[in-house]
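2 protein chains.
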Amino acid sequence: MSKPRNDTLLRALMRQPTPYTPIWLMRQAGRYLPEYNQTRARAGDFLALCRSPDLATEVTLQPLARFRLDAAIVFSDILTIPDAMGLGLYFAEGEGPKFERPLREEWEIRDLRAPDPYSHLSYVLDAVSQVRRALDNSVPLIGFSGSPFTLACYMIEGEGGTEFARVKRMLYQRPDLLHALLRVNAQAVSAYLNAQIESGAQAVMIFDTWGGALSHRGYAEFSLRYTEQVLSELKHEHAGERVPAIMFTKGGGAWLEQISASGCDAVGLDWSVSLAAARAQVGSRVALQGNLDPAVLLTEPEVVRREAARVLDDFGAGSGHVFNLGHGISQHTPPENVAALVEAVREMSPRYH
Amino acid sequence: MSKPRNDTLLRALMRQPTPYTPIWLMRQAGRYLPEYNQTRARAGDFLALCRSPDLATEVTLQPLARFRLDAAIVFSDILTIPDAMGLGLYFAEGEGPKFERPLREEWEIRDLRAPDPYSHLSYVLDAVSQVRRALDNSVPLIGFSGSPFTLACYMIEGEGGTEFARVKRMLYQRPDLLHALLRVNAQAVSAYLNAQIESGAQAVMIFDTWGGALSHRGYAEFSLRYTEQVLSELKHEHAGERVPAIMFTKGGGAWLEQISASGCDAVGLDWSVSLAAARAQVGSRVALQGNLDPAVLLTEPEVVRREAARVLDDFGAGSGHVFNLGHGISQHTPPENVAALVEAVREMSPRYH
């Protein structure tokens, strides 16, 4: 295992000079691609697709075959850990992920243990190694996990949402119990990400999808603190190479200062934040990843090009920018708009370097 | 018409000294109150309740009879304007507001006119005057409207949501058309708020519920700009008294600087923002309203008290704070927790003044 021939992403994440701005897209292997839908139909459903290293490898590579992307991200779900803990992940048609057995009793939380990724999540690790072999050192492979708090949201509520009444009630009334759960989740996430690194992931990303639902105070105490713990336990080097870590809190624009001091190499930003303002605030400490509004990809190539130029211009000249969306790509995205985006960034970004 | 005997809210909104921190709660007349549900059942449904000045007055006063609140807010909906434009507001059971005839064609937008509030929204103005009479100058009455952009979201999508694919497509592909719609909305909102002021509203609030879904750039161009237009056309004085304006953008924590320069007297904050940080940033220019997480009210009086103390402490000593939630009160809130909150703020806040 050695450095990928195209190491633009890794260099940008470490704020080293690159000839252009690297680009990859959250959820780049997904339902907007007809070939993805075909493979998924062959698998039966989304979870069967995640659990088959062969098929997961296939869909991971699909967007790279179409577009000149600078990274692959292993096809998986942010909720594999609670599923491995026995909570029973499932997807109801047309809805988000749910758990059959959400945590309802104190003893259920007290009994929870971090799963050994090598025995309970080997299907993800197998997919990671298989994708690495298939990539043949062309571009780097990103591994990922949900954050301890985001996992806890789904584990307690049984599903995602916007209110989080159960989680918040626990947070305010039984913070000790929520902390107990978050400690286990943090152990589980760091063990899981380290196993992905051992299996070949060359960068890792932590998705804190629901951290933005917390108060400024709650975010520091119940989300950031445990992500920091994960980051402190990560293998930041493997096989002689630095493994950069990206942290993304959707809706976390007001907390950039704290996030950038968490021990990550790069911070993912949604589109509510100006890259220029974020760079002025924390750009000397971390790289920035983002932040095109995914709705731009619902328009037409000309508009995509104009808006991509605005994002590049917002960050400005210099290293430390990874182009991405501010959220996962919409399933209604026409693939030709993604092609236009990737080409626009490749064509227009060199002048900033 | 003269100054209310309890003018604490008005003074705080103008950053004048007050003996304690005034408190009111977004959606304080609502489904968490059994007496509200009884009146609503008598009305038939939510819209019938809004449209009856007698019943709207009744529910506006209900929370004031129970709790020592420092303001009343007229019972109405943020979407009365597009309803008056003929789009057909309705509420499907268990869902948010929807429109029967959302704007789908260019000519529908080009044909749109700002409704005269005195002929098409007289039921709201009647409720405002009737509530003022019933209040008998005890506490001030707040009038309100949705922001031009938030109205546009519902008018184009036909409902609320989180993706706003249609609005965003228009924003990126046909900004001219969205601007045309927003110009009409801004005229409508300022005429509507001015009519509420003429009818007796002593402060007004603009709810920008969906502005937070925009990019930093889109927010400035498509939301803030039109709210600024509304603010510039408002009657800031009526019957010899200053009528302060509060602006609330849910999820707008990253744009405080711009919002505070918009011409409003006070900025509403959700719970993601620290009041101390916001005050340091813009507190010399505007008052701040907020920002307890409404989920705190789902717990128990002791927790409510502790968290209320934290909010007061976060703002710190001095004038210019109006205590409120960071979002509307949840229908699952036990009224005794609201009682505990209002008493806690009244009891604990004098030491900060």
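Top line first, the protein sequences correspond to chains Z and U.
Residues in the first sequence are numbered from 1 upward in steps of one, following our numbering.
Residues in the second sequence are numbered from 1001 upward in steps of one, following our numbering.
Glycine residues also receive a C-beta, built at the ideal position from the N, C-alpha and C atoms.
| Query | Result |
| --- | --- |
| Count Cβ pairs between the segment 150-165 of chain Z and the segment 101-110 of chain Z that sit closer than 8 Å; are there 3 or more? | yes |
| Keeping to the same chain, check which residues put their C-beta closer than 8 Å to that of Pro4 of chain Z; ignore five residues upstream and five downstream. | Leu10, Leu135, Asn137, Ser138, Val139, Pro140, Gln202 |
| Counting along the chain, where does the beta strand (DSSP E) carrying Asp208 of chain Z start and finish? | 203-208 |
| May I ask you to report which of helix, strand or coil DSSP gives Pro97 of chain Z? | strand |
| Indicate whether Glu1307 of chain U and Val1322 of chain U have their beta-carbon atoms separated by less than 7 Å. | no |
| Taking Cβ positions only, does Leu298 of chain Z come closer than 7 Å to chain U? | yes |
| Does the beta-carbon of Glu1228 of chain U have 16 or more other beta-carbons within 10 angstroms, so that it is buried, or is it exposed? | buried |
| Where in the segment 91-144 of chain Z do unbroken runs of the alpha helix (DSSP H), each at least 4 residues long, occur, reported from the N-terminal end onward? | 106-110, 117-120, 122-135 |
| Specify the secondary structure class of Asn1185 of chain U as computed by DSSP and reduced to three states. | helix |
| Scan the segment 1203-1280 of chain U and note each continuous beta strand (DSSP E) run of 3 residues or more that stays entirely inside, going in chain order. | 1203-1208, 1245-1249, 1266-1268 |
| In terms of DSSP beta bridges, what is Asn1291 of chain U paired with? | U:Asn1324 |
| Using 8 Å as the Cβ pair cut-off and three pairs as the minimum, do the segment 252-272 of chain Z and the segment 1248-1259 of chain U touch? | yes |
| Against chain U, does Ala355 of chain Z count as a neighbour if the rule is that its beta carbon must be under 7 Å from one of theirs? | Here chain Z comprises residues numbered 1 to 353, so residue 355 of chain Z is not present and cannot be evaluated. |
| Check the DSSP bridge columns for Ile23 of chain Z and list the partner residues they point to. | Z:Phe323 |
| By the 8 Å beta-carbon criterion, what residues does the segment 1332-1348 of chain U contribute toward chain Z? | His1332 |
| Thr1060 of chain U and Ala1041 of chain U - do their beta-carbons sit closer together than 7 Å? | no |
| Among Z:Val311, Z:Glu302, Z:Ala191, Z:Arg68, which one has its Cα closest to the Cα of Ala278 of chain Z? | Z:Val311 |
| Give the range of the alpha helix (DSSP H) segment to which Asp314 of chain Z is assigned. | 301-315 |
| Since Glu1198 of chain U sits in a beta bridge, which residues does DSSP pair it with? | In DSSP, Glu1198 of chain U forms no bridge with anything. |
| Interface residues of chain Z around Arg1169 of chain U at Cβ under 8 Å? | Ala295, Leu298, Thr299 |
| Name, going along the chain, the residues of the segment 1269-1284 of chain U whose beta-carbon falls closer than 7 Å to a beta-carbon of chain Z. | Trp1271, Ser1272, Val1273, Ser1274 |
| Any Cβ of chain Z within less than 7 Å of the Cβ of Gln1258 of chain U? | no |
| List, in chain order, every chain U residue whose beta-carbon is nearer than 8 Å to that of Gly253 of chain Z. | Gly1253, Ala1254 |
| Which residues bound the alpha helix (DSSP H) around Ile78 of chain Z? | Note, Ile78 of chain Z: premise wrong, no alpha helix (DSSP H); not H, not E. |
| Exposed or buried, Trp1210 of chain U, counting other C-beta atoms within 10 Å across all chains shown (16 or more means buried)? | buried |
| Since Gly1263 of chain U and Ser1232 of chain U should fall inside the 8 Å C-beta cutoff, what is the C-beta to C-beta distance between them, to a whole number of angstroms? | 6 Å |
| Would you list the residues sitting across from Gly1146 of chain U in a DSSP beta bridge? | U:Phe1207 |
| Can you give me the start and stop residues for the alpha helix (DSSP H) that Arg169 of chain Z sits inside? | 165-173 |
| Let me know the secondary structure DSSP gives Ala65 of chain Z once reduced to three states. | helix |
| When the Cβ atoms of the segment 1232-1243 of chain U are set against those of the segment 328-337 of chain Z, are three or more pairs found closer than 8 Å? | no |
| Using a C-beta cutoff of 7 Å, does Tyr172 of chain Z count as contacting chain U? | yes |
| Is the beta carbon of Gln331 of chain Z less than 7 Å from the beta carbon of Tyr32 of chain Z? | yes |
| Going straight from the alpha carbon of Tyr352 of chain Z to that of Val342 of chain Z, what length do you get? | 16 Å |
| State yes or no: is the beta carbon of Val1303 of chain U nearer than 7 Å to at least one beta carbon in chain Z? | yes |
| Can you check whether the C-beta of Ala92 of chain Z is within less than 7 Å of a C-beta belonging to chain U? | no |
| Where Ala1191 of chain U and Ile73 of chain Z are concerned, what is the direct C-alpha to C-alpha distance, given to the nearest angstrom? | 52 Å |
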